[in-house]
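Okay, structure first, notes after.
Number of protein chains: 2
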Amino acid sequence: MSKKDEILNAAIILFAEQGFNNTSITEVAKATKVSTANIFYHFKNKEELFLAALENVKDGIMSHFEEYLKSIEFESGLQMMEEIIAYYLYLAGSMQQWFLLLHSHYPYRLALVNEVCRDHLEKTYNSLVDIFERAVVIGKEDGTIADVDSRKTALVIFSMVEGVVRFKIYNLYDSGVLFGELIKCCNKILKYKE
Amino acid sequence: MSKKDEILNAAIILFAEQGFNNTSITEVAKATKVSTANIFYHFKNKEELFLAALENVKDGIMSHFEEYLKSIEFESGLQMMEEIIAYYLYLAGSMQQWFLLLHSHYPYRLALVNEVCRDHLEKTYNSLVDIFERAVVIGKEDGTIADVDSRKTALVIFSMVEGVVRFKIYNLYDSGVLFGELIKCCNKILKYKE
DNA sequence: TTCAATACTGACTGATTAGTCAGTATATAA
DNA sequence: TTATATACTGACTAATCAGTCAGTATTGAA
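Here it is as structure tokens:
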């Protein structure tokens with residue numbers, strides 16, 4: 002792994018765990034055993050380093066999901082939704098730094114004034130909601146999911162899952178306990194047309 | 002309003018909008034037109050100021066909800082749940098600073114090493130989930146809600162609402178659009194026993 | 001071997017930070 | 001009026017911060 006990538010990885014972890022403003026370039030430098038000047042050689046400034054970290058997270062989540070979707074054949078749309086939720090929660094556990102970074106307030110503030118940041122966030126969330134929506138559409142076709150509004154339903158289910166992820170990464174409630182109930186609720190949402 | 006309360010209110014807004022580490026005592030002092038030394042006269046240090054702000058938010062949310070619950074008679078448990086969700090989203094819109102503070106990462110990191118902080122967060126969330134659970138219990142009694150696990154269902158619905166609140170305060174998706182769908186999904190979760 | 005591009009560093013700077021302290025106003029109550 | 005507690009300030013400090021710059025290694029190709 003190149004020194005640049007090492008810096009990037011250390012930055013993701015530190016930004017995620019401590020926040021942007023509470024992480025100094027000196028800390029990132031120490032974690033990767035380079036000089037602070039070297040970080041500014043690879044990245045224009047601290048903000049650019051953060052944007053690179055965010056992009057890395059976006060690419061990580063998207064490529065993991067793509068690979069996962071390729072590796073599995075789903076029996077039905079409903080089952081696909083279940084599996085997607087399970088994988089999302091698994092990923093949020095094994096790659097906690099990614100989701101901590103995505104759940105921190107800083108990128109959303111930055112997005113208000115920085116187009117690149119806004120783009121990373123939009124792409125990340127739109128791709129994820131797309132995946133959820135795809136499951137709903139497939140389910141509606143194969144009859145395992147009722148005639149609901151695909152996009153809106155996907156959005157609500159996604160926000161429900163994101164809520165559970167937040168509780169998990171902020172140590173509020175254990176997602177293990179919530180998972181079973183989450184799937185039950187999700188099934189009811191998808192099986193019935195009010 | 003006492004100077005101390007003015008400082009506290011300014012701190013809530015600044016901490017919420019900019020984060021703990023990106024808000025300096027000088028900024029809080031300027032916003033309230035006092036010297037920085039005066040802030041340290043009223044609050045031991047910056048962390049204590051944050052804890053006071055968090056406690057203020059907790060008390061604010063709880064007292065608002067208590068007053069709201071006293072002011073309304075609910076026809077049924079199911080309708081109570083609908084109203085509670087609507088009020089929660091309304092509150093998250095009108096008192097956005099409170100929810101921004103509660104959604105920021107800092108208090109959850111602090112809670113790992115600070116009992117007072119942990120206590121504020123636990124009390125806030127437990128009281129809120131309690132309210133959601135109460136609606137489920139009442140609904141089960143009056144027959145408008147199916148025989149579901151009260152606590153777990155309340156938790157999932159709460160996390161769903163919190164997910165939508167997060168999308169709202171982070172400017173990701175408009176909660177207005179999501180609200181209708183949220184209520185529909187909630188109804189399905191509560192009306193059916195899988 | 002030479003040359004040039006790339007990778008990297010130590011030493012520095014000016015700005016900002018949380019927090020201190022000695023002293024000054026202001027209010028209140030005897 | 002006087003005494004005492006409370007509220008408040010200006011001036012300061014030591015530490016830390018992001019970012020710069022002149023110069024030094026290291027690489028790889030001709």
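Heads up: the protein sequence lines correspond to chains E and Z, in order. When the first sequence is numbered by the numbering used here, its final residue is 195 and no position is left out of the sequence of numbers. When the second sequence is numbered by the numbering used here, its final residue is 195 and no position is left out of the sequence of numbers. Where is the CB? At the ideal position from N, CA and C, for every residue including glycine.
Anyone know if the C-beta pair for residue i and residue j falls short of 8 Å?
{"i": "E:L183", "j": "E:M161", "result": "yes"}
{"i": "Z:I132", "j": "Z:F66", "result": "yes"}
{"i": "Z:S77", "j": "Z:D143", "result": "yes"}
{"i": "E:K189", "j": "Z:E163", "result": "no"}
{"i": "Z:I62", "j": "Z:V29", "result": "no"}
{"i": "Z:N46", "j": "Z:I13", "result": "no"}
{"i": "Z:I1", "j": "Z:H106", "result": "The structure shown does not extend to residue 1 of chain Z, since chain Z spans only 2 to 195, so no value can be given for it."}
{"i": "Z:A136", "j": "Z:M96", "result": "no"}
{"i": "E:L55", "j": "E:V166", "result": "no"}
{"i": "E:L156", "j": "Z:L52", "result": "no"}
{"i": "E:T145", "j": "E:L50", "result": "no"}
{"i": "Z:C187", "j": "Z:I86", "result": "yes"}
{"i": "E:L129", "j": "E:A17", "result": "no"}
{"i": "E:T37", "j": "E:T24", "result": "no"}
{"i": "E:M88", "j": "Z:N172", "result": "The sequence given here places Tyr at residue 88 of chain E; Met does not occur at that position. No, they are not a contact pair."}
{"i": "E:G140", "j": "Z:N22", "result": "no"}
{"i": "E:Y193", "j": "Z:Y69", "result": "no"}
Would residue i pass as an interface residue toward chain Z - the criterion being a Cβ-Cβ separation below 8 Å?
{"i": "E:H121", "result": "no"}
{"i": "E:G20", "result": "yes"}
{"i": "E:M161", "result": "yes"}
{"i": "E:Y193", "result": "yes"}
Taking only beta-carbon atoms, is residue i less than 8 Å away from chain E?
{"i": "Z:E116", "result": "no"}
{"i": "Z:V157", "result": "yes"}
{"i": "Z:L1", "result": "No answer is possible for residue 1 of chain Z: the residues shown for chain Z start at 2 and end at 195."}
{"i": "Z:Y107", "result": "yes"}
{"i": "Z:I190", "result": "yes"}
{"i": "Z:N23", "result": "yes"}
Show which residues of chain E have a CB atom less than 8 Å away from the CB atom of residue i.
{"i": "Z:L92", "result": "Chain E residues near Z:L92: none, gap ~17 Å exceeds 8 Å."}
Chain E partners of residue i, CB-CB under 7 Å?
{"i": "Z:Y89", "result": "Those within 7 Å of Z:Y89 in chain E number zero; the least Cβ separation is about 12 Å."}
Would you mind telling me which residues of chain E sit closer than 9 Å to residue i, beta carbon to beta carbon, in chain order?
{"i": "Z:I14", "result": "Here the premise fails: no neighbours, minimum Cβ distance about 14 Å."}
Starting from residue i, find everything on chain Z with Cβ-Cβ shorter than 7 Å and list it in chain order.
{"i": "E:S126", "result": "Per the sequence presented here, residue 126 of chain E reads as Tyr, with Ser not at that position. Ordered by position in chain Z, the residues that pass the 7 Å Cβ test against E:Y126 are L173."}
Can you give me, in chain order, the residues of the region 164-181 of chain E that have a beta carbon less than 9 Å from any beta carbon in chain Z?
G164, V165, V166, R167, F168, I170, Y171, N172, L173, Y174, V178, L179, G181
Give the residues from the region 133-154 of chain E that approach chain Z closer than 8 Å (Cβ to any Cβ), ordered along the chain.
D150, K153, T154
Would you say the region 118-133 of chain Z touches the region 145-159 of chain E, given that touching needs at least three Cβ pairs under 8 Å?
no
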